[in-house]
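Trainee: Take a look at this one; I'll ask things after.
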Amino acid sequence: TYQGVTLRDDGVLRLSTKRGEDSILIDWPVDEEPRTVEIGKSSGGFVVRAQYDTEPVDRTTGDKIAGIDLGEKHLAAVFTGQDAFTINGGELRALRHYQNSLKAKLDAKIDRKEPGSNRWKKLVQTKQEQLDHIDNKITDLLHKLSRKVVEMCLERDVSAIGIGDVRGIRDRIDYGSQMNQRLHQWAYGEFDRMVEYKAKLAGITVNRVDEAYTSQECPQCGHRKKPSGRDYTCSECGFHGHRDVVGAANIRRRYVAKRKYVGSDNEPTGSMTRLPGVMASPSGVRFHPHLQCSSRSRRKTNG
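If you read the sequence shown in the numbering used here, its first letter stands for residue 2, the second for the next number, and so on.
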């Protein structure tokens with residue numbers, strides 16, 4: 002890591018090194034001087050990482066609160082009190098599946114070669130280059146999806162977010178080798194971190210909420226029941242909704258209660274009769290209904 006960093010007038014970044022050694026000069030693509038620069042090895046060359054000092058810019062115009070539930074099928078389900086949208090995790094799963102398959106295929110080829118031979122070395126290098134390429138695609142995708150979450154929250158006048166706290170999920174749950182492979186490869190932590198810092202830079206408050214049982218509790222009457230498949234149907238009041246959005250609604254409800262936040266987000270009283278959902282991806286959005294109540298539910302709530 003280089004902290005002695007100077008951006009010259011000619012657009013060249015100078016990195017100070019140890020006494021007696023020549024400075025490192027880099028043609029810099031931006032006009033702003035970074036605080037620190039780190040140079041690391043990558044397959045086929047080097048990678049330069051720069052850190053800048055940034056100040057949050059408050060872009061919020063409303064006072065809504067959103068709950069966010071992270072998952073595998075839907076990377077994020079978001080409920081604002083008035084509507085809901087989801088971020089599909091299909092592309093991320095496809096990349097991870099391809100990465101696993103590619104790694105297994107290349108490992109099998111490497112195992113058939115004499116360790117240390119030229120062919121063995123070439124295959125090892127090829128494996129690292131291809132896996133690094135997929136990692137870069139995954140990171141780029143996570144940046145796009147996390148930015149989409151924040152942008153859609155801003156469009157809905159969200160000024161505060163409660164995110165389900167999934168830290169430690171790998172340590173708490175043991176589903177066997179196949180599920181653990183998925184758990185360890187889920188980009189929960191990185192996506193969660195990206196949503197948090199992007200939201201804060203936009204002026205949105207972010208806090209963690211205990212997500213225990215949020216996918217099992219009815220957001221209308223509070224009855225607890227394990228969902229069957231991707232939908233949740235309450236056996237007490239008849240409420241029916243998408244499992245992940247139910248989780249987001251409960252995370253939001255807990256966050257609202259925690260903040261003792263009353264009235265300013267215009268949340269309708271009574272039942273959530275019907276909420277539109279959004280299937281979001283970096284390339285566009287599609288609208289689908291995600292939550293609805295049965296007539297039996299409405300009669301019970303309004304009575």
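Quick reminder that beta carbons are idealized off the backbone N, C-alpha and C, glycines included.
1. Just to confirm the assignment: which complete beta strand (DSSP E) runs, minimum length 3, are found wholly within the stretch 186 to 256?
2. Can you tell me the Cα-Cα spacing of P277 and G82, whole angstroms?
3. Could you name the residues of the same chain whose beta carbon sits closer than 7 Å to that of R15, not counting the 5 residues immediately before and after it, in chain order?
4. Would a C-beta distance cut-off of 8 Å place A203 and G68 closer than the cut-off?
5. So, does the stretch 193 to 201 touch the stretch 94 to 108, judging by three or more C-beta pairs under 8 Å?
6. Measuring CA to CA, which of I162, L132, K227 is closest to R97?
7. Roughly how many angstroms lie between the CA atoms of E197 and K227, to the nearest whole one?
8. Please name the residue in K74, Q126, W121 whose C-alpha comes closest to that of G91.
9. Please report the straight-line C-alpha distance between D232 and G117, rounded to a whole angstrom.
10. Does R194 pass the burial test, meaning 16 or more other C-beta atoms within 10 Å, or should it be called exposed?
11. If we ignore side chains and look at the alpha-carbon of each, how far apart do T274 and Y99 end up?
12. Look at R253 and G190 and say whether their C-beta atoms are less than 8 Å apart.
13. Between R157, Q221, F86, V247, which lies nearest to K65 when the distance is taken from Cα to Cα?
14. To the nearest whole angstrom, what separates the beta carbons of V246 and T87, a pair I think is in contact under 8 Å?
15. Tell me which same chain residues have a C-beta within less than 8 Å of the C-beta of I135, skipping the five on either side of it?
16. Only counting the same chain, and skipping five residues up and downstream in sequence, which positions put a Cβ closer than 8 Å to that of E115?
17. Going by C-alpha distance, which of D112, D28, A77, Y3 is nearest V151?
18. Just mark Y176 as buried or exposed, buried being the case when its beta carbon has 16 or more other beta carbons within 10 Å.
19. Would you mind reading off the limits of the alpha helix (DSSP H) that contains G91?
20. Ignore the nearest five residues each way along the sequence and tell me which others in T215's own chain have a CB closer than 7 Å to its CB.
21. Check each candidate in F240, Q221, A188 and name the one with the smallest Cα separation from L146.
22. What distance in whole Å lies between the Cβ atoms of Y3 and E33, which are believed to be in contact at a cut-off of 8 Å?
23. Just mark F192 as buried or exposed, buried being the case when its beta carbon has 16 or more other beta carbons within 10 Å.
24. To the nearest angstrom, report how far apart R225 and P57 are at their CA atoms.
Mentor: Inspection of the coordinates gives the following:
1. DSSP runs (the beta strand (DSSP E)) wholly in the stretch 186 to 256: 206 to 210, 232 to 234, 240 to 243.
2. Here residue 277 corresponds to residue number 276 of the sequence shown, with the count starting at 1. Here residue 82 corresponds to residue number 81 of the sequence shown, with the count starting at 1. Only weak support is given to the placement of P277: the predicted model assigns it a pLDDT of 34, under 50, and the value that follows is read from those uncertain coordinates. The alpha-carbon atoms of P277 and G82 are separated by roughly 11 Å.
3. Here residue 15 is taken as the residue at index 14 of the sequence shown, counted from 1. Taken in chain order, the residues that qualify are T7, R9, S24, L26.
4. For this step, residue 203 is matched to residue 202 along the sequence shown. For this step, residue 68 is matched to residue 67 along the sequence shown. No. Outside cutoff.
5. They do not touch, by the three-pair rule.
6. Position 96 of the sequence shown holds residue 97. Taking only the C-alpha atoms, the option nearest R97 is L132.
7. Translated into positions along the sequence shown, residue 197 becomes position 196. Translated into positions along the sequence shown, residue 227 becomes position 226. Near 29 Å, if we compare the C-alpha coordinates of K227 and E197.
8. The residue you call residue 91 lines up with position 90 of the sequence shown. Checking every option, the nearest Cα to that of G91 belongs to K74.
9. In the sequence shown, the residue the question calls residue 232 occupies position 231. In the sequence shown, the residue the question calls residue 117 occupies position 116. Approximately 53 Å, taken between the alpha carbons.
10. Taking the first residue of the sequence shown as 1, we reach residue 194 at position 193. Residue environment analysis places R194 among the exposed positions, since fewer than 16 neighbouring C-beta atoms fall within 10 angstroms of its C-beta.
11. Mapped onto the sequence shown, residue 274 falls at position 273. Mapped onto the sequence shown, residue 99 falls at position 98. Low local confidence applies: a pLDDT of 32 at T274 is under 50, so the model's placement there is unreliable, with the coordinate-based value given in what follows. Rounded to whole angstroms, T274 to Y99 spans 41 Å at the Cα level.
12. To locate residue 253, count along the sequence shown from 1; it is residue 252. To locate residue 190, count along the sequence shown from 1; it is residue 189. Against a cut-off of 8 Å, the Cβ pair of G190 and R253 comes out as no contact.
13. For this step, residue 65 is matched to residue 64 along the sequence shown. The residue with the shortest Cα to Cα distance from K65 is R157.
14. For the purposes of this step, residue 246 is taken as the residue at position 245 of the sequence shown. For the purposes of this step, residue 87 is taken as the residue at position 86 of the sequence shown. Here V246 really is in contact with T87; their C-beta atoms are around 7 Å apart, less than 8 Å.
15. Looking up residue 135 in the sequence shown gives position 134. Cβ within range, chain order: L96, Y99, Q100, L103.
16. Position 114 of the sequence shown, counted from the start, is the residue given in the question as residue 115. The answer, listed in chain order, is W121.
17. Translated into the one-based positions of the sequence shown, residue 151 becomes position 150. Among D112, D28, A77, Y3, the Cα nearest to that of V151 is on A77.
18. Translated into positions along the sequence shown, residue 176 becomes position 175. Bear in mind that the predicted position of Y176 carries a pLDDT of just 46, short of 50, making it too unreliable to give a figure here.
19. What you label residue 91 is simply residue 90 of the sequence shown in a count that begins at 1. In this chain, the alpha helix (DSSP H) harbouring G91 covers 91 to 112.
20. Here the question's residue 215 lines up with position 214 in the sequence shown. Within its own chain, the residues whose Cβ lies closer than 7 Å to the Cβ of T215, once the five positions on either side in sequence are excluded, are D70, G165, G248, N251, I252, listed in chain order.
21. Taking the sequence shown and counting its residues from 1, the one referred to as residue 146 is at position 145. Comparing Cα-Cα distances from L146 to each of F240, Q221, A188, the minimum goes to A188.
22. Along the sequence shown, read from residue 1 onward, the residue named residue 33 stands at position 32. Along the sequence shown, read from residue 1 onward, the residue named residue 3 stands at position 2. Not confirmed; about 16 Å, so no contact.
23. Counted from its first residue, the sequence shown places residue 192 at position 191. Burial call: buried.
24. Your numbering for residue 225 matches position 224 in the sequence shown. Your numbering for residue 57 matches position 56 in the sequence shown. Inter-residue distance for R225 and P57 is about 39 Å (C-alpha atoms, whole angstroms).
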